[in-house]
Amino acid sequence: MATAGEVAAWVQGVGSLLAVIAAVGVYAKQYQDKKADDLEQTCAFVQAIKHEISTVWNRHIGRIGTALTHVPDGKHLDGLVPITPNSLVTYSNASARVGHINDEALRTTIVSVYAMLRDYFSDLDLNNRLLANIEHFRNTYPGEDINQEMDRKRYAMVILARSMKKCHAQLQRDIPELMANIDAWLQRKQRPATTGGIMRFDLETFKTWAELALTCASFIALPVGGWWVYHNFSVEDTHEINPNISVTAEFKPYDDERRLLIVHVRPKNVGKVPIELDGGKNGDIEVQVKVIPSKMADGPINLDKLPVQYRVSNFVSRYQGGYIMEPGIDYEEVLTFVVPKDTTYLVNAEMAHFEVPDDEVDGSYVIKVD
Numbered sequence: 109m110a111t112a113g114e115v116a117a118w119v120q121g122v123g124s125l126l127a128v129i130a131a132v133g134v135y136a137k138q139y140q141d142k143k144a145d146d147l148e149q150t151c152a153f154v155q156a157i158k159h160e161i162s163t164v165w166n167r168h169i170g171r172i173g174t175a176l177t178h179v180p181d182g183k184h185l186d187g188l189v190p191i192t193p194n195s196l197v198t199y200s201n202a203s204a205r206v207g208h209i210n211d212e213a214l215r216t217t218i219v220s221v222y223a224m225l226r227d228y229f230s231d232l233d234l235n236n237r238l239l240a241n242i243e244h245f246r247n248t249y250p251g252e253d254i255n256q257e258m259d260r261k262r263y264a265m266v267i268l269a270r271s272m273k274k275c276h277a278q279l280q281r282d283i284p285e286l287m288a289n290i291d292a293w294l295q296r297k298q299r300p301a302t303t304g305g306i307m308r309f310d311l312e313t314f315k316t317w318a319e320l321a322l323t324c325a326s327f328i329a330l331p332v333g334g335w336w337v338y339h340n341f342s343v344e345d346t347h348e349i350n351p352n353i354s355v356t357a358e359f360k361p362y363d364d365e366r367r368l369l370i371v372h373v374r375p376k377n378v379g380k381v382p383i384e385l386d387g388g389k390n391g392d393i394e395v396q397v398k399v400i401p402s403k404m405a406d407g408p409i410n411l412d413k414l415p416v417q418y419r420v421s422n423f424v425s426r427y428q429g430g431y432i433m434e435p436g437i438d439y440e441e442v443l444t445f446v447v448p449k450d451t452t453y454l455v456n457a458e459m460a461h462f463e464v465p466d467d468e469v470d471g472s473y474v475i476k477v478d
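Note that our numbering numbers the sequence shown so that position 188 is 296, with each residue one more than the last.
Structure representation (structure tokens):
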């Protein structure tokens with residue numbers, strides 16, 4: 109049968125696993141939602157670009173394109189054009205969004221077309237200002253070389269017209285291609301909506317079930333955890349201190365008639381709460397060495413009636429601050445005695461007064477010193 113600790117460990121492990129699963133589900137859902145939102149914004153931006161270019165270009169074709177294409181070589185565009193570079197507001201206000209388009213060719217085409225449109229509209233605006241300048245010059249210039257100056261200004265406008273016609277021809281090729289590429293890209297991005305919806309549904313369902321399982325595990329863990337606490341403290345007494353002490357001995361040569369008795373005292377804390385030994389009546393260790401007579405009657409020996417040959421009292425009091433024995437700690441203390449050889453000794457170590465005055469644990473060891 110599983111112990112309380114094993115049951116609680118299983119509940120905690122399952123709860124932790126469910127918590128991780130729920131966290132992964134939430135993160136995946138948030139990540140998918142963020143990707144979907146970003147894609148939605150990017151698609152809206154691309155659609156806005158398409159509408160902006162289409163609107164501006166169609167308006168230009170109707171009012172300006174025909175006039176520009178019919179300008180003879182060596183002539184300039186003689187007419188004011190109602191357009192400015194500021195017409196491209198969508199791209200100008202959100203150009204960074206182009207970087208979110210995951211199609212390098214489409215990104216390059218968009219940037220190229222917009223750069224060309226700006227140059228084109230700037231040239232048209234410059235042509236407007238040059239026309240106004242020529243008209244003002246004609247009315248105000250007092251010199252006799254006015255015709256030569258007028259020809260020089262018109263020649264600059266002829267050069268400008270050539271540039272605009274070349275740009276116009278390039279845009280006539282690039283814009284329809286851009287519109288087709290945008291439509292294809294939007295179709296690719298919007299086509300997996302059903303699959304994405306299924307995926308989002310699965311993630312949402314997974315998240316819901318994970319949260320439900322985590323909640324159920326929490327409700328189960330509460331009574332199990334309470335029972336575990338009760339079991340530990342009331343049944344297994346894990347809140348009680350649980351000291352132990354053991355002793356061993358050995359001997360070494362000292363002189364012809366005596367030996368060096370070496371005693372190893374090992375106090376332990378096998379419980380789950382700390383033990384404090386402050387010395388004396390507040391918790392201490394005493395070591396006794398008794399002699400077992402060589403000529404005793406057969407039968408059990410009353411060890412308590414054996415005379416104490418050597419005694420070390422209040423052993424812990426030698427240490428400033430005493431002992432603080434944390435759970436699982438295992439100390440070893442070594443004491444030495446010079447004793448006669450050819451004698452059997454009983455070595456006893458006792459830990460007393462560690463909780464109340466009557467509390468004690470001890471350990472004994474019998475050794476024959478030759």
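Ideal Cβ positions, reconstructed from N, Cα and C, are used throughout, including at glycine.
* **Presumed contact (8 Å Cβ cut-off) between Ala457 and Ile353, rounded CB distance** => Rounded to the nearest angstrom, the Cβ distance from Ala457 to Ile353 is 5 Å, consistent with a contact under 8 Å.
* To do: Look up Thr452 in the DSSP assignment and give the residues it is bridged to.
  => Ile400 and Lys476, per the DSSP bridge assignment.
* To do: For the region 207 to 290, list the beta strand (DSSP E) runs that are entirely contained and at least 3 residues long, ordered along the chain.
  => none
* Grouping DSSP H, G and I as helix and E and B as strand, with all else coil, what is Phe445? -> strand
* Quick one: any contact between the region 435 to 444 and the region 366 to 377, if contact means 3 or more CB pairs under 8 Å? -> yes
* For the candidate residues Thr198, Glu212, Thr451 and Thr150, whose alpha-carbon lies nearest to that of Ser162? -> Thr198
* Do three or more CB pairs link the region 212 to 228 to the region 247 to 258 at distances below 8 Å? -> Cβ pair count under 8 Å is below three, so no.
* **Boundaries (first-last residue) of the beta strand (DSSP E) holding Asn377** => Arg366 to Asn377
* Asked: Where does Ile306 fall in DSSP's three states?
  -> Reliability fails at Ile306, whose pLDDT of 44 lies under 50, so the model's placement of it is uncertain and the value that follows must be treated cautiously. Assignment of Ile306 by DSSP, reduced to helix, strand and coil, places it in the helix class.
* contact_flag[the region 140 to 156, the region 168 to 177] where n(CB pairs < 8 Å) is 3 or more -> no
* So is the beta-carbon of Arg426 under 8 Å away from any non-hydrogen atom of the ligand ATP? -> With respect to the ligand ATP, the structure shown offers nothing to examine, as it has no ligands at all.
* Are the beta-carbon atoms of Val447 and Leu368 separated by less than 9 Å? -> yes
* To do: Measure the Cβ-Cβ separation of Val397 and Tyr418 and say whether it is below 9 Å.
  => yes
* So, using beta-carbon positions, are Ile290 and Leu214 closer together than 9 Å? -> yes
* Spatial neighbours of Trp293 in its chain, beta-carbon cut-off 6 Å, leaving aside the 5 residues before and after -> Sequence-distant Cβ neighbours of Trp293 in its own chain, meaning closer than 6 Å and more than five residues away, are Asp211 and Leu214.
* For Gln482, I'd like the list of residues in its chain whose CB is within less than 8 Å of its CB, leaving aside the five on either flank, ordered along the chain. => Limits of the chain in this structure are 109 at one end and 478 at the other, which puts residue 482 out of reach.
* Which residues in the same chain have their Cβ closer than 6 Å to the Cβ of Ile393, if we skip the five residues on either side of it in sequence? -> Phe423, Val424 and Met459
* Thinking C-beta only, is Glu358 closer than 9 Å to Ile370? -> yes
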